[in-house]
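K.L.:
My questions all concern the structure below.
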Amino acid sequence: MDFNLSADQLALQQSVRQFAQTELPEIAKKIEETDEPVSLELRQKFGELGYLGVNLSEEYGGAGMSHHDAVIVLEEIAKISIAVAFPIFESCFGPSLAIAHFGSEEMKKDVLPKVCSGEIVVAVSMSEPDAGSALTDLKTHGKVEGDKVILNGSKRWCSGAGHSETYVVYCRMDGLAGAKGIGAVLVSKGAPGFTFGKRDHHMGFRGVYSADMYFDNVEVSTKDILVPAGGFGKLMDAFDLERCGNTTMSLAVAQSAFDFVLDYCQQRQQFGKPLIDFQAVQIQIAEMKMKLEAARLLLYRAVVNAERGLPSIGESSIAKCFANETVREVTGKAMQLMGGYGYSKEFPIEQKMRDAWGWGIAGGAIDIQKVNITSAMVGRRFNQRSK
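Reading the sequence shown from the start, the letters are residues 631 to 1017 in the numbering used here.
As structure tokens, this is what we get:
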């Protein structure tokens, strides 16, 4: 078992790192100031560089590389800014992978090349006002009538809502309760009856749009059905890979905070010597490093074991949960080590701490991951509704 990156992967990592550190900091700074997302021009630049759809088939415009390679690319960009990295996250670990695995050939040929070129971003729309962790309670309904699907309902907490061009919408496609009635359809922004509420602004995740979504007799073709009723299990299998993207974003934020504070502790002096010379600081630095290394190994295990398909719910949930907790801990320690400088907007740690907390909520809350982990160990799902 080799835990080292291959020569090709090291070259890929270095190439992306050089681009990210040279070209992206000023863009990231502007996004943080304005709360506006990545431009179409930058998305297209990512497409030209092969950073979009790294792990999608070359047949559909992707790079035909591995999930592990996609993790390497995403981490280097996300170290600079999660907002800048978001189109890469969505193309490599978001709903595009569900389309690649479960979409019709016509859908794949129509959508995926546009994703890989940067022309469009596909966002996933799952949660509703009364269906977040309890996702199978969703009420948005897609009624099949002839060659049309008529969509009615509302959605909430969709990252990219109002800005992304296309949406994978989870909906109830027949009268069956629970998971059995749930499928998903593809809906384009601008479809008649498809509207957005007031944009949300969060503590972190600046530059990542979010807004309520409303469907009022929205018509899409039956050709836009990604998964029919009864396919909820397939959708969640694909979502296990999204957790690996979430893990990577968490790891990138934590690693970049650690890199900054490690340098800071070697430069900053108190009582006549650098902070790093104090044993208490050394202990904090070592604890942060141990958590980062463990998070990275858990992530790599999940994506490498998924190369022949999709990752296991157990491995992806363990990786996500651990990385979500690690990024909160590492950014918190980094801020404490920097004191007032860590709390200042003149330095990057306060932003990284704000972004850190979002990943343990997005894509399935930390405690839900722990339920998933136990479920995977004992081989059964737990009914949270039982009294």
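Backbone N, C-alpha and C fix where the C-beta goes; we use that ideal spot for every residue, glycine too.
May I ask whether a heavy atom of the ligand NAD can be found less than 7 Å away from the beta carbon of residue 808?
P.N.:
Summarising the ligand content, the structure contains no ligands, and the ligand NAD is consequently not present.
K.L.:
Contact check, residue 957 vs residue 932 under 8 Å by CB: the rounded distance?
P.N.:
With 8 Å as the limit, residue 957 and residue 932 do not qualify as a contact, their Cβ atoms being about 16 Å apart.
K.L.:
Which whole-angstrom value describes the C-beta separation of residue 715 and residue 879, a residue pair presumed to lie in contact below a C-beta threshold of 8 Å?
P.N.:
That pair is a contact at about 7 Å.
K.L.:
Give the range of the beta strand (DSSP E) segment to which residue 801 is assigned.
P.N.:
Here the beta strand (DSSP E) through residue 801 covers 796–802.
K.L.:
By Cβ distance below 7 Å, which residues in the same chain neighbour residue 738 in space, the five residues on each side in sequence not counted?
P.N.:
The residues are 690, 729, 730.
K.L.:
The alpha helix (DSSP H) with residue 660 in it runs from where to where?
P.N.:
Where residue 660 is concerned, the enclosing alpha helix (DSSP H) stretches over 655–664.
K.L.:
Could you tell me the distance, in whole angstroms, from the CA atom of residue 949 to the CA atom of residue 903?
P.N.:
Straight-line Cα distance between these residues: approximately 38 Å.
K.L.:
List the endpoints of the continuous alpha helix (DSSP H) containing residue 985.
P.N.:
Run containing residue 985: 979–989, per the alpha helix (DSSP H) assignment.
K.L.:
Along the chain, where does the beta strand (DSSP E) containing residue 831 start, and where does it finish?
P.N.:
Unbroken run through residue 831: none, as it is neither H nor E.
K.L.:
Helix, strand or coil, according to DSSP, for residue 806 in the structure here?
P.N.:
Reduced to three states, the DSSP call for residue 806 is coil.
K.L.:
By the three-class DSSP mapping on this structure, what secondary structure does residue 783 have?
P.N.:
Of the three classes helix, strand and coil, the one that applies to residue 783 here is strand, per DSSP.
K.L.:
Applying the criterion that 16 or more other CB atoms from any shown protein chain within 10 Å of the CB defines a buried residue, is residue 673 buried or exposed?
P.N.:
Buried, by the Cβ-count rule.
K.L.:
Flag this pair as touching only if the segment 962–969 and the segment 859–866 have three or more C-beta atom pairs under 8 Å; answer yes or no.
P.N.:
No, they do not touch.
K.L.:
So, helix, strand or coil for residue 1001, using DSSP?
P.N.:
Reduced to three states, the DSSP call for residue 1001 is helix.
K.L.:
Buried or exposed for residue 634, please, with buried defined as at least 16 other CB atoms from any protein chain shown within 10 angstroms of its CB.
P.N.:
Its Cβ having fewer than 16 others within 10 Å, residue 634 is exposed.
K.L.:
Alpha carbon to alpha carbon, what distance is there between residue 794 and residue 759?
P.N.:
Approximately 20 Å between the Cα atoms of the pair.
K.L.:
Taking the C-alpha atoms as reference points, what is the distance between residue 814 and residue 971?
P.N.:
When rounded, the distance between both Cα atoms is 47 Å.
K.L.:
Considering Cα atoms alone, identify which of 767, 681, 1008 is closest to residue 756.
P.N.:
Checked all of 767, 681, 1008; the closest Cα to residue 756 is 767.
K.L.:
Would you mind reading off the limits of the alpha helix (DSSP H) that contains residue 872?
P.N.:
It spans 862–897 - the alpha helix (DSSP H) in which residue 872 sits, taken as one unbroken run.
K.L.:
So the beta strand (DSSP E) residue 773 belongs to, where does it begin and stop?
P.N.:
Element bounds for residue 773: 771–775.
K.L.:
Sort out for me which residues DSSP pairs residue 778 with in a bridge.
P.N.:
For residue 778, which the question treats as bridged, DSSP gives the partners 775, 851.
K.L.:
DSSP puts residue 904 in a beta bridge; with which residues?
P.N.:
Partner(s): 899.
K.L.:
What does a CB cutoff of less than 6 Å around residue 896 pick up in its chain, not counting 5 residues either side in sequence?
P.N.:
Here the set comprises 904, 906.
K.L.:
I believe residue 844 touches residue 784 by the beta-carbon criterion, under 8 Å. Please report the beta-carbon distance rounded to the nearest angstrom.
P.N.:
Contact flag correct, Cβ pair sits at about 5 Å.
K.L.:
Could you pull the start and end residues of the beta strand (DSSP E) that residue 741 belongs to?
P.N.:
Note, residue 741: premise wrong, no beta strand (DSSP E); alpha helix (DSSP H) at 735–747.
K.L.:
When you compare each of 898, 802, 952, 916 to residue 876 by their alpha carbons, which one comes out closest?
P.N.:
The residue with the shortest Cα to Cα distance from residue 876 is 952.
K.L.:
Could you tell me the distance, in whole angstroms, from the CA atom of residue 853 to the CA atom of residue 887?
P.N.:
Distance between the alpha carbons of residue 853 and residue 887 is about 45 Å.
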